[in-house]
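Undergrad: Got a structure for you, questions after.
Protein chains: 2
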Amino acid sequence: MSSPQTRGLLYGISVGPGDPELITVKGLNILRNSPVVAFPAGTAGKPGIAQGIIRSWLQANQLQLPLEFPYVQDEVILQTAWDRAAAQVWPYLAQGMNVAFACEGDVSFYSTFTYLAQTLRKLHPEARVQAIPGVCSPLAAVASLGLPLTVRDQRLAILPGFYGLEALEGTLDQANVVVLMKVKSVYSQVWALLQRRGLLDSAYVVEWATLPHQVIYAGLGDRPQLDLSYFSLLVIFAT
Amino acid sequence: MSSPQTRGLLYGISVGPGDPELITVKGLNILRNSPVVAFPAGTAGKPGIAQGIIRSWLQANQLQLPLEFPYVQDEVILQTAWDRAAAQVWPYLAQGMNVAFACEGDVSFYSTFTYLAQTLRKLHPEARVQAIPGVCSPLAAVASLGLPLTVRDQRLAILPGFYGLEALEGTLDQANVVVLMKVKSVYSQVWALLQRRGLLDSAYVVEWATLPHQVIYAGLGDRPQLDLSYFSLLVIFAT
């Protein structure tokens, strides 16, 4: 068994919203210098999102380690997956090899990295972990829109889309700018709420921000229904 | 006069929270390839913050253009400064030269870039502007803390510190995680509020995130007063 000093480090690398060049210089340097590069595995035979983003940066001598994280809410299934992922990563760290775990967006912002890091620390309290911050999708989305997210004394609220509409009502009363992450499943209800509050012209949906297939819906007045992808977000400039 | 096609582009380059390597690859490429690099001028003979961050990336043949943005609330003084800054930038754009305007953090997130871009577009509607997203300070701060900012269904609120405490009370009722930007001027009142709500152990102050002189105050129980710098932020994990 190696001593703590010679153990490897698990890096959480924020690879950004989609454009491969929106990784930071620091994240890219660590990614390129890590003998092992892990990432959430894709589904249905397709590469994972982070995997697709970093593809052009990887080198042939790097070991690629896809880790399975099921898209479910069930706690037992999730914890089993995190345990298994931590068990896959640990042998490399124990041998003194650094592991770069690449995640889309920022690794501290609704990220799979959190669960992997927490599980690893629970199973191996001596594990060393470091997060490298990056570009989160709301900031990428507004840059694509050509609009600022916040100015001056504006208050910002960010919430996952699968919240009840009650939470969104309360949030719109408090905040000037509201971002709804993963809006897909609640879009039509949110649309009705925005219509009631007269906010359809101040709302924007961005899908696949910064990627070649990015889609922007600017103004939602004539779009009560939208068939959106999983990573769509909605920005509301309420006041 | 050059045609619109040959006019230069004003880029807003997000240079990140402080560590020069936390600029994105995209931002760095544009920064290095722009003949003119603008940034908010420093005060009291010291370089500006963004200027300090990008210093190591600049090359001798790049024209450096410090722009004065006074730290005041007065609308007339501010608009005069934005007009003057836009007037300094425009001649280069009109000649077909790209200008990279470097700002700390992200250029869409409480950034001077917004005012420069809006003023430039008002004076010269034909001006072309593009924001390059980057790492905002809250994400850098939590990465330094070794904590996630948000997980699962958590709601996040971000507000400028100079708000009244009433707004903070209401926000703490709505959000799971609250970030107070520029907390310096209200710290002692916020401390009293956190004490009343039993949140002092769940609150963290980060100054100069990711810079060598970064300071972290983890747990604020014994710190009713703190002499903080302008760019300090406070993160409250309320629930």
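As given, the protein sequences belong to chains A and B, one line each in that order.
At position 48 of the first sequence the residue is numbered 48 (this note's numbering), and the sequence of numbers has no breaks.
At position 66 of the second sequence the residue is numbered 1066 (this note's numbering), and the sequence of numbers has no breaks.
Glycine included, every Cβ here is placed at the ideal spot set by N, Cα and C.
1) What residues in the region 4-17 of chain A have a beta carbon less than 9 Å from any beta carbon of chain B?
2) Can you pull the DSSP bridge partners for G1016(B)?
3) Pick helix, strand or coil for Q1195(B), following the three-state DSSP scheme.
4) So with Cβ pairs under 8 Å, would you call Q1174(B) a contact of chain A?
5) Determine which residues share a DSSP beta bridge with A244(A) and list them.
6) Would you call L63(A) buried or exposed, if buried means 16 or more other Cβ atoms sit within 10 Å of its Cβ?
7) Taking only beta-carbon positions, decide if E1169(B) is within less than 8 Å of chain A.
8) CB-CB under 7 Å to P148(A), same chain, minus the five flanking residues each way: which ones, in chain order?
9) Answer yes or no: does any C-beta atom of chain B fall closer than 8 Å to that of S108(A)?
10) Do L233(A) and V183(A) have their C-beta atoms closer together than 8 Å?
11) Count the other C-beta atoms from every protein chain shown that fall within 10 angstroms of the C-beta of S1185(B), then say buried if there are 16 or more, exposed otherwise.
12) What are the boundary residues of the alpha helix (DSSP H) that L1120(B) is part of?
13) With DSSP collapsed to three states, give me the class of T1150(B).
14) Run through DSSP, which three-state label would T1032(B) get?
15) Closer than 9 Å between beta carbons: that is the criterion. Which residues of the region 1113-1126 of chain B meet it against chain A?
16) Return the CA-CA distance between E1207(B) and N98(A), expressed in angstroms with no decimal places.
17) Which word fits Y71(A), buried or exposed, when buried means at least 16 other C-beta atoms lie within 10 angstroms of its C-beta?
18) Look at C1136(B) and F1109(B) and say whether their C-beta atoms are less than 8 Å apart.
19) List the residues of chain B whose Cβ lies closer than 7 Å to the Cβ of T239(A), in chain order.
20) Under the three-state reduction of DSSP, which class applies to R223(A): helix, strand or coil?
21) Just checking my contact of A86(A) with L120(A) at CB under 8 Å: how many whole Å lie between their CB atoms?
22) Listing by chain order, which chain A residues have their CB less than 7 Å from the CB of G1134(B)?
23) My guess is that A238(A) and L193(A) are in contact by the Cβ rule of under 8 Å, so how many angstroms apart are they, rounded?
24) Report, in whole angstroms, the separation of the C-beta atoms of G170(A) and G27(A), which I expect to be a contact under 8 Å.
25) Here's the rule: buried if 16 or more other CB atoms are within 10 angstroms of the residue's CB, otherwise exposed. What is D19(A)?
26) Distance, Cα to Cα, N1029(B) vs D227(A)?
27) Give, in chain order, every residue of the region 14-42 of chain A whose Cβ lies closer than 9 Å to some Cβ of chain B.
28) If the cut is a Cβ gap below 7 Å, which residues of chain A does I1236(B) touch?
29) Check whether the Cβ atoms of P17(A) and T210(A) lie closer than 8 Å to each other.
30) Figure out for me which residue from V1235(B), Q1214(B), D1153(B) has the closest Cα to the Cα of L1172(B).
31) Hey, is D1074(B)'s beta-carbon within less than 8 Å of any beta-carbon in chain A?
32) Mind listing the chain A neighbours of P1070(B)? Cutoff is C-beta to C-beta under 9 Å, in chain order.
33) Could you spell out the range, first to last residue, of the beta strand (DSSP E) harbouring E244(A)?
34) From what residue to what residue does the alpha helix (DSSP H) around E207(A) run?
35) How is T1210(B) classed by DSSP in three states: helix, strand or coil?
36) Excluding the 5 residues flanking L93(A) on each side, which residues of the same chain have their C-beta closer than 7 Å to its C-beta?
TA: Let's see:
1) Going along the region 4-17 of chain A in chain order, one finds G12, S14, G16, P17 with a Cβ nearer than 9 Å to chain B.
2) In the second sequence, the residue the question calls residue 1016(B) occupies position 16. DSSP links G1016(B) through a beta bridge to G1105(B).
3) Within the second sequence, the letter at position 195 stands for residue 1195(B). In this structure, Q1195(B) counts as helix in the three-state DSSP scheme.
4) Position 174 of the second sequence, counted from the first residue, corresponds to residue 1174(B). At least one CB atom of chain A sits nearer than 8 Å to the CB of Q1174(B).
5) The structure shown does not extend to residue 244(A), since chain A spans only 1 to 239, so no value can be given for it.
6) On the first sequence, residue 63(A) is found 63 positions in, with the first residue counted as 1. Exposed.
7) The residue labelled residue 1169(B) in the question sits at position 169 within the second sequence. Not closer than 8 Å to any Cβ of chain A, the Cβ of E1169(B) fails to qualify, so no.
8) As a working mapping, residue 148(A) is identified with position 148 in the first sequence. Hits under 7 Å: V142.
9) Counted from its first residue, the first sequence places residue 108(A) at position 108. Answer yes: the Cβ-Cβ gap between S108(A) and chain B drops below 8 Å somewhere.
10) Here residue 233(A) refers to the residue found at position 233 when the first sequence is read from its first residue. Here residue 183(A) refers to the residue found at position 183 when the first sequence is read from its first residue. For L233(A) and V183(A), yes; Cβs fall inside 8 Å.
11) Position 185 of the second sequence holds residue 1185(B). Around the beta carbon of S1185(B), fewer than 16 other beta carbons sit within 10 angstroms, so the residue counts as exposed.
12) As a position in the second sequence, residue 1120(B) is number 120, starting the count at 1. Counting along the chain, the unbroken alpha helix (DSSP H) around L1120(B) starts and ends at 1112-1123.
13) If you number the second sequence from 1, residue 1150(B) lands on position 150. T1150(B) falls in the strand class under three-state DSSP.
14) Translated into positions along the second sequence, residue 1032(B) becomes position 32. The amino acid occupying residue 1032(B) in the given sequence is Arg; Thr does not appear at that position. Three-state DSSP puts R1032(B) in a helix.
15) Answer set for the region 1113-1126 of chain B: F1113, T1114, Y1115, A1117, Q1118.
16) One-based indexing of the second sequence puts residue 1207(B) at position 207. One-based indexing of the first sequence puts residue 98(A) at position 98. Near 29 Å, if we compare the C-alpha coordinates of N98(A) and E1207(B).
17) One-based indexing of the first sequence puts residue 71(A) at position 71. Exposed, by the Cβ-count rule.
18) Along the second sequence, one-based indexing puts residue 1136(B) at 136. Along the second sequence, one-based indexing puts residue 1109(B) at 109. In contact: C1136(B) and F1109(B) (Cβ atoms closer than 8 Å).
19) Along the first sequence, one-based indexing puts residue 239(A) at 239. Residues of chain B whose Cβ lies closer than 7 Å to the Cβ of T239(A) do not exist, since the nearest Cβ in that chain is about 13 Å away.
20) Position 223 of the first sequence holds residue 223(A). R223(A): coil per DSSP, three-state reduction.
21) The residue given as residue 86(A) occupies position 86 in the first sequence. The residue given as residue 120(A) occupies position 120 in the first sequence. By a beta-carbon distance limit of 8 Å, A86(A) contacts L120(A). Their separation comes to about 4 Å.
22) Residue mapping note: residue 1134(B) aligns to position 134 of the second sequence, counting from 1. Within chain A, the residues near G1134(B) are V135.
23) On the first sequence, residue 238(A) is found 238 positions in, with the first residue counted as 1. On the first sequence, residue 193(A) is found 193 positions in, with the first residue counted as 1. Contact check for A238(A) and L193(A): beta-carbon distance about 11 Å, past the 8 Å limit, so the pair fails to qualify.
24) As a working note, residue 170(A) is residue 170 in the first sequence. As a working note, residue 27(A) is residue 27 in the first sequence. Contact annotation, G170(A) with G27(A): C-beta distance approximately 36 Å; criterion of less than 8 Å not satisfied.
25) Counting from 1 along the first sequence, the entry for residue 19(A) is found at position 19. Flag for D19(A) reads buried.
26) The residue given as residue 1029(B) occupies position 29 in the second sequence. The residue given as residue 227(A) occupies position 227 in the first sequence. Taking the straight line joining both Cα atoms gives about 36 Å.
27) Taking 9 Å as the Cβ-Cβ cut-off against chain B, the residues of the region 14-42 of chain A that qualify are S14, G16, P17, D19, P20, E21, L22, I23, T24, V25, K26, G27, L28, N29.
28) As a working mapping, residue 1236(B) is identified with position 236 in the second sequence. Contacts between I1236(B) and chain A, judged by CB atoms closer than 7 Å, are missing: the closest CB pair is about 14 Å apart.
29) Here residue 17(A) refers to the residue found at position 17 when the first sequence is read from its first residue. Here residue 210(A) refers to the residue found at position 210 when the first sequence is read from its first residue. Going by C-beta atoms, P17(A) is nearer than 8 Å to T210(A).
30) Within the second sequence, numbered from 1, the residue matching residue 1172(B) stands at position 172. Nearest neighbour of L1172(B) by Cα position, chosen from V1235(B), Q1214(B), D1153(B), turns out to be V1235(B).
31) In the second sequence, the residue the question calls residue 1074(B) occupies position 74. Closer than 8 Å: no.
32) Taking the second sequence and counting its residues from 1, the one referred to as residue 1070(B) is at position 70. Going along chain A, no residue has its Cβ under 9 Å from P1070(B), so there is no contact; the nearest lies around 15 Å.
33) Look at the range of chain A in this structure, 1 to 239, and you will see that residue 244(A) is not part of it.
34) If you number the first sequence from 1, residue 207(A) lands on position 207. First-last for E207(A): 203-207, but that is the beta strand (DSSP E), not the alpha helix (DSSP H).
35) Position 210 of the second sequence holds residue 1210(B). T1210(B): coil per DSSP, three-state reduction.
36) Here residue 93(A) is taken as the residue at index 93 of the first sequence, counted from 1. Around L93(A): R7, G8, L10, V99, A127.
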